[in-house]
Every structure is written in C-alpha cells, then in structure tokens.
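Chemist: Residue numbers (our numbering): 5 to 466.
For each residue, glycine too, the CB sits at the ideal point set by N, CA and C.
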Amino acid sequence: MTTTAVRSPDTTSSRIAPGPRGHLLWGVLLEARRDVLGLLLGTARQYGDVARYRVGPMTSHLISHPDGVRRVLQDHVENYTKDHISYRLVSRVAGNGLLTSQGSFWLRQRRLAQPAFHRQRISAMAEGMTRATAAMLERWAAPAARGEPVTMVEEMMRLTLTIVGEALFGASVGDKVAVVGGAFNVLSEQTTTRFRTLRLLPPVLPTRYDREFRAASRALRSTVMDLITERRQGDGDRGDLLSMLMLARDEETGEAMTDEQLRDEVLTMLVAGHETTATTMSWVWALLEQHPHVEAKLHAELDAVLGGRLPTAGDVPQLGYTRMVVEEAMRLYPPAYVYSRAVKEDDVIGGFRIPGGTMVDVSPYVTHRHPDFWERPDEFLPERFSPEAAAQRPRYAYFPFSGGPRQCIGNGFAMMEAQLILATVAQRYRPRCVPGHVLAPEPLITLRPKGGLPMNLESRTA
Ligand code: HEM
5 MTTTAVRSPD TTSSRIAPGP RGHLLWGVLL EARRDVLGLL LGTARQYGDV ARYRVGPMTS
65 HLISHPDGVR RVLQDHVENY TKDHISYRLV SRVAGNGLLT SQGSFWLRQR RLAQPAFHRQ
125 RISAMAEGMT RATAAMLERW AAPAARGEPV TMVEEMMRLT LTIVGEALFG ASVGDKVAVV
185 GGAFNVLSEQ TTTRFRTLRL LPPVLPTRYD REFRAASRAL RSTVMDLITE RRQGDGDRGD
245 LLSMLMLARD EETGEAMTDE QLRDEVLTML VAGHETTATT MSWVWALLEQ HPHVEAKLHA
305 ELDAVLGGRL PTAGDVPQLG YTRMVVEEAM RLYPPAYVYS RAVKEDDVIG GFRIPGGTMV
365 DVSPYVTHRH PDFWERPDEF LPERFSPEAA AQRPRYAYFP FSGGPRQCIG NGFAMMEAQL
425 ILATVAQRYR PRCVPGHVLA PEPLITLRPK GGLPMNLESR TA
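Structure follows, in structure tokens:
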C-alpha cells in the first residue's frame, strides 16, 4: 500500500507583514475616519497583498490577494470568526440573526432559512419586484413633468425596502415601510458614527443621542414582532419569506424557530437586504450617465428583449448585458466594501504570519481593483463580466457577496431584483445628475454616493 504525504500549510512563518506605522496610540484610526477607502487602497498599493496596521488597540491585516481572501472566507474559514466589534454593533440593530450569529446556532438557522431562497421561490417574487418598481415610476411622473430632481439614494432605499418587506411579509407590510425606513436611517447613521468614533459602549445613557437609538430600535423590533404575531393568528402558508421561515423545521429535532429568532432573522434580512441593493442601483444610475455608450448598449438590449413591456423572471436570462452592468457597478462600488474577522489561531497568508488574537480585513473595494486581476481597474467596463472573461479570473478576484459558507444568502434575490429594477426604469427614464453635483463615494455601513445623488428624470419616450 502506498501512502501520500499530506502537507499541511506552513503555519510557522515568522515574517511580520509590512504596513503603515500610524500613530503611537491610535494607529491609523484618524486616517480611517478621514478617508477609509484611500487608506485601504493606498495600504494595499504601498505594502502589497498582506499589510498590517493598528486601528486603535486592534492589530489588523488587510488581505487583498484572491488566494488570501479564499483562505479567510473559505478554505480555513473556521479560523476566522465574527468576534469583531463591527458585528456586535450590527447585532444591536438586527439581534442574533444570520449575519451576526456563529457556530452551531448559525448553521441550524442557515439550514432553516436556505430553502426560502431557492431559485424557484425567488422567481416567484419577480412580479412583486417589478410591481413595486412600476409604482415608483408612477410617483416619479409628477417630478419628471415639473422638471424636478429626485434624491436617487432615497428613492432606491424606499424601493428596495418595499421589495424586501413585501418578499418577507406580503403586501401587508404596505404602510409600515415608512416606520421601518425612518428607524433604519437613525440606526444606520448612528452605527456608522459609533464605529468611526470608537463609541462602543451600548446606547444606555439618558442622552438624546442614546435615547434616539433606543427609540428607533424599539420601533423596529415592535413593528416586526407585530407582523409576526398577526401572522401567527392568521392563516398558514402565504408563500412569502416569513411563511417559509415559520414553517421551517430542524431536520434533527423537528423544532421551529421561536418568535424571537424569527424576529431577529427578519430584522437581519431587512437590514442586509435593502441598503445593499439600493446603493448598488444608485451607482448604476450614476455610472450609466457617465458612460453613454454603455447606456446605449443597455437600451438596445432592453428594446430588443422587452420592447417596452415590464420584465418578468423568464426574461432575466436574456438580459445578459443588464446583469453585466450591475456586476461591474458592484466591482467598482461594492456595497459591503470591507469586512473583518477575528483570527483564532496563528496562520500564514501569502508567506506572512497572521497571529491568533489579531484581526483580518478583506475588502472587495480593494481586491476588485487589484491590478494583477483587472486591466484598467478604475474604468467602468461591463464587458469584463461576459461569461468568457469571468471564467478567466480566480473566484475571489470578485466577491461582492462574500463567499464560502457565510456567503450572502440573498445573492440570487439581489441580482434578480437589480436586473428587474434596471430593466423597468431604464426603459422609461434616463436619470441625469443635477448640474454641478460632484459624484463621490461615502463609505458608511455601505458604500453610498455622497449627497444622496440628486437626479433629473429625463424621459426616454418623450
Ligand atoms: C446587492 C445586494 C447585496 C449585497 C452586495 C450583499 C452582500 C453581502 C455580504 C458581503 C455578506 C457577508 C457579510 C459578512 O460576512 O459580514 C452578506 C450576508 C448576508 N446577506 Fe447579503 N447582500 C445583498 C443583498 C441581500 C439581500 C437582498 C438579502 C435578503 C433578502 C441579504 C441577506 C443576507 C444575509 C441574511 C446575510 C448573512 C448570511 C450568513 O452569514 O449566513 N443580502 N451579504
């Protein structure tokens, strides 16, 4: 009998990764607060694929090579946990749901939720997605006729919150969207500020700021809990995500989720599933204006495939260029532009020691612009996402939805939603930034265009 020697990866390197020294006490914290994207990109460009820095008391490593990203998110995922302050802050908003939970509890919840995101289930939601988009277009008719701009980020937020809300609860969510949206704005803004300023204690003080946080959090939780209670009292399967989650049973124990678990999963899906798609779509509009030849090609596809009618789930496979436009927008401006993991035990990435007890950061924003994998990385070229071109790249050169076991559960939902929104709106309007508006990214929880992106709605049919 022959034996094959299996070589475990070398975890004994003593090389410390290079990186900016930063301030003696707070490391690169001030730079991160001033310009986090510049800090991340500049660090990778200057120090290479593994760079080390200190953010306040935390030592962290920026991993930008796709092989390193693969090790963190997939191959050695058990060594890279979510015991990071950013997840503690998110859990104050979304509780202990899929995004923040870990270990066997996360695995059980993920197994329970996964069937709700099956391709067929998502296809059945397509009609709701286009209906909500068409309703937005009706609202737009008045400002368009008066030549008034809309604030595109707000419009997209409202639309995607309505879509994910209806996917979860059915049309019953209707008037609650405004309450939920208002509460989210407060929580999202405060969570970013608290993280940036290392104001990490729970919001328990009697100050106005902390009171506002608590009130928004209460409003959000009680709205979601009311919807769950209403459903418990009503009829069974309504075919929406909430029904799926309520009816799901653990394979081994036969147990269902408690109301509190349901609430946290629903809150998580509202949090993770609306701002991300809204910022993606906002960037799409801005980039299309800047690239008229891309816009013309998109219009040609929409005219050929749809000829003026509303798109359906069945059209989506034919809308290949539409998909490529969305994917390229997420390459340049990935909504989740950086996320972090705590290192459990010593590891080696790219020949550098990654000590247990430190942190790693992976940044789609940085890796998506890595010059070894992307030619002319700063240019908007949707053709990069033709199936042939995409097949040439390593898996983790592009990871807007993360990867491995903790990959976004809403990936398919979001891609269908983005394609349907784009196809519906772009047949009717050509949004144009108001004169003088300067386009710039604003890295909050997600990567938004700064200033809300005020745009005039030029009609395509007029
Ligand atoms: C363009 C849209 C979206 C982007 C770019 C995106 C991106 C991501 C990323 C990067 C993660 C991993 C985060 C981490 O590890 O910290 C994630 C996780 C997650 N996303 Fe999304 N997402 C999008 C839309 C959605 C939608 C529409 C939903 C639900 C309807 C959703 C639900 C979730 C959930 C529940 C998780 C946690 C999964 C787990 O750990 O098991 N996302 N998403």
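Between TYR325, PRO296, HIS297, which lies nearest to ALA474 when the distance is taken from Cα to Cα?
Modeler: What is shown of the chain runs 5 to 466, which leaves residue 474 out entirely.
Chemist: Using the beta-carbon of each residue, find all residues closer than 6 Å to any heavy atom of ligand 1 and list them in chain order.
Modeler: Result: LEU102, LEU103, ARG114, VAL168, THR272, MET273, ALA276, GLY277, THR280, THR281, THR284, PRO339, ALA340, TYR343, PRO404, PHE405, SER406, ARG410, CYS412, ILE413, GLY414, PHE417, ALA418.
Chemist: Note the first and the last residue of the continuous beta strand (DSSP E) segment covering THR63.
Modeler: Numbered from 1 along the sequence shown, position 59 holds the residue referred to as residue 63. Start and end: 62-67.
Chemist: Identify, in the order they occur along the chain, each residue of the same chain with its Cβ nearer than 6 Å to the Cβ of GLU401, setting aside the five sequence neighbours on each side.
Modeler: The residue labelled residue 401 in the question sits at position 397 within the sequence shown. Per the sequence shown, residue 401 should be read as Ala rather than Glu. Within the same chain, ALA401 has close Cβ partners PRO70, PHE377.
Chemist: Tell me the residue span of the beta strand (DSSP E) that contains MET459.
Modeler: Taking the sequence shown and counting its residues from 1, the one referred to as residue 459 is at position 455. MET459 -> beta strand (DSSP E) spans 458-463.
Chemist: To the nearest angstrom, how far is it from the Cα of PRO391 to the Cα of GLU305?
Modeler: Within the sequence shown, residue 391 is the residue found at index 387, counting from 1. Within the sequence shown, residue 305 is the residue found at index 301, counting from 1. Rounded to whole angstroms, PRO391 to GLU305 spans 17 Å at the Cα level.
Chemist: By how many angstroms is the C-alpha of VAL40 removed from the C-alpha of ASP87?
Modeler: Within the sequence shown, numbered from 1, the residue matching residue 87 stands at position 83. Within the sequence shown, numbered from 1, the residue matching residue 40 stands at position 36. Between ASP87 and VAL40, the C-alpha separation is close to 21 Å.
Chemist: When DSSP labels each residue in this structure, what does GLU383 get in the three-state scheme?
Modeler: In the sequence shown, residue 383 corresponds to position 379, counting from 1. In this structure, GLU383 counts as coil in the three-state DSSP scheme.
Chemist: Can you tell me whether LEU28 is buried or exposed, with buried defined as 16 or more other CB within 10 angstroms of its CB?
Modeler: If you number the sequence shown from 1, residue 28 lands on position 24. Label assigned to LEU28: exposed.
Chemist: Please look up how many angstroms separate the CB atoms of LEU310 and ALA427, rounded, as I've assumed it's under 8 Å.
Modeler: For the purposes of this step, residue 310 is identified with residue 306 of the sequence shown, where counting begins at 1. For the purposes of this step, residue 427 is identified with residue 423 of the sequence shown, where counting begins at 1. Yes, LEU310 and ALA427 are in contact; Cβ-Cβ is about 6 Å, under 8 Å.
Chemist: Please give the ranges of any alpha helix (DSSP H) in the region 353-421, keeping only runs that are unbroken, at least 4 residues long and fully inside the region.
Modeler: Segments of the alpha helix (DSSP H) lying fully in the region 353-421: 368-371, 391-395.
Chemist: Quick check on DSSP: helix, strand or coil for VAL190?
Modeler: As a first step, residue 190 is located in the sequence shown; it is residue number 186 there, counting from the start. In the structure shown, VAL190 sits in a helix (DSSP, three-state: H, G or I).
Chemist: Measuring only between beta-carbons, confirm whether VAL190 sits less than 8 Å from chain D.
Modeler: The displayed structure is made up of one protein chain only, and chain D is not part of it.
Chemist: Output yes or no for whether 8 Å exceeds the beta carbon distance between ALA276 and GLY186.
Modeler: Looking up residue 276 in the sequence shown gives position 272. Looking up residue 186 in the sequence shown gives position 182. No, the Cβ-Cβ distance between ALA276 and GLY186 is not below 8 Å.
Chemist: Quick one: what's got a C-beta closer than 6 Å to PRO359's C-beta in the same chain, skipping five residues either side?
Modeler: Within the sequence shown, residue 359 is the residue found at index 355, counting from 1. Closer than 6 Å at Cβ, skipping near neighbours: ASP350.
Chemist: Reducing DSSP to helix, strand and coil, say where ASP351 ends up.
Modeler: In the sequence shown, the residue the question calls residue 351 occupies position 347. ASP351 falls in the strand class under three-state DSSP.
Chemist: HIS27 by DSSP, collapsed to three states: which one?
Modeler: Working through the sequence shown from its first residue, we reach residue 27 at position 23. Here HIS27 sits in strand by DSSP.
Chemist: Starting from PRO453, trace the alpha helix (DSSP H) in both directions and tell me its first and last residue.
Modeler: Here residue 453 corresponds to residue number 449 of the sequence shown, with the count starting at 1. Element bounds for PRO453: not the alpha helix (DSSP H) but the beta strand (DSSP E), 451-453.
Chemist: Run through DSSP, which three-state label would TYR84 get?
Modeler: For the purposes of this step, residue 84 is taken as the residue at position 80 of the sequence shown. Strand at TYR84.
Chemist: For GLY312, collect the residues of the same chain with a Cβ closer than 6 Å to its Cβ; drop the 5 residues on either side in sequence, then sort them by chain order.
Modeler: Stepping through the sequence shown from its first residue, residue 312 is reached at position 308. Excluding positions up to five away in sequence, the list is empty.
Chemist: Mind checking which residues open and close the alpha helix (DSSP H) that includes VAL275?
Modeler: Translated into the one-based positions of the sequence shown, residue 275 becomes position 271. From DSSP, the alpha helix (DSSP H) with VAL275 extends over 263-294.
Chemist: Kindly list the residues whose CB is nearer than 6 Å to the CB of HIS278, restricted to its own chain and excluding five residues on each side of it in sequence; keep chain order.
Modeler: Sequence index remark: in the sequence shown, residue 278 carries index 274 (1-based). THR164, LEU165, VAL168, listed in sequence order.
Chemist: Can you look up ARG19 in the DSSP assignment and give me helix, strand or coil?
Modeler: For the purposes of this step, residue 19 is identified with residue 15 of the sequence shown, where counting begins at 1. Reduced to three states, the DSSP call for ARG19 is coil.
Chemist: What span of residues does the alpha helix (DSSP H) with PRO321 cover, start to end?
Modeler: Against the sequence shown, residue 321 aligns to sequence position 317. That residue, PRO321, is in no alpha helix (DSSP H); it is neither H nor E in DSSP.
Chemist: Spell out a yes or no on whether the region 327-334 and the region 440-455 are touching, meaning 3 or more CB-CB pairs, one atom from each, closer than 8 Å.
Modeler: Touching, no.
Chemist: Residue ranges of each alpha helix (DSSP H) run of no fewer than 4 residues wholly in the region 79-151, ordered along the chain?
Modeler: Listed in chain order, the complete alpha helix (DSSP H) runs (minimum 4 residues) inside the region 79-151 are 89-98, 107-117, 123-128, 130-150.
Chemist: Among PHE384, VAL429, GLY318, THR362, whose alpha-carbon lies nearest the alpha-carbon of PRO2?
Modeler: One cannot answer for residue 2 here, as it falls past the ends of the chain, which runs 5 to 466.
Chemist: Along the chain, where does the beta strand (DSSP E) containing TYR476 start, and where does it finish?
Modeler: Since the first and last residues shown for the chain are 5 and 466, residue 476 lies out of range.
Chemist: Suppose you measure from the CA of TRP144 to the CA of PHE173; what does that come to, to the nearest Å?
Modeler: The count along the sequence shown starts at 1 and reaches residue 144 at position 140. The count along the sequence shown starts at 1 and reaches residue 173 at position 169. So the two alpha carbons sit approximately 25 Å from each other.
Chemist: Is the distance from the Cβ of ALA418 to the Cβ of LEU245 below 8 Å?
Modeler: To locate residue 418, count along the sequence shown from 1; it is residue 414. To locate residue 245, count along the sequence shown from 1; it is residue 241. Result no, Cβ atoms of ALA418 and LEU245 do not sit closer than 8 Å.
Chemist: Taking the alpha-carbon positions, what's the GLU299 to ARG434 distance?
Modeler: Mapped onto the sequence shown, residue 299 falls at position 295. Mapped onto the sequence shown, residue 434 falls at position 430. Their Cα atoms are separated by approximately 9 Å.
Chemist: Taking the straight line between their C-alpha atoms, what separation do you get for GLY408 and ASP230?
Modeler: Here residue 408 refers to the residue found at position 404 of the sequence shown. Here residue 230 refers to the residue found at position 226 of the sequence shown. When rounded, the distance between both Cα atoms is 34 Å.
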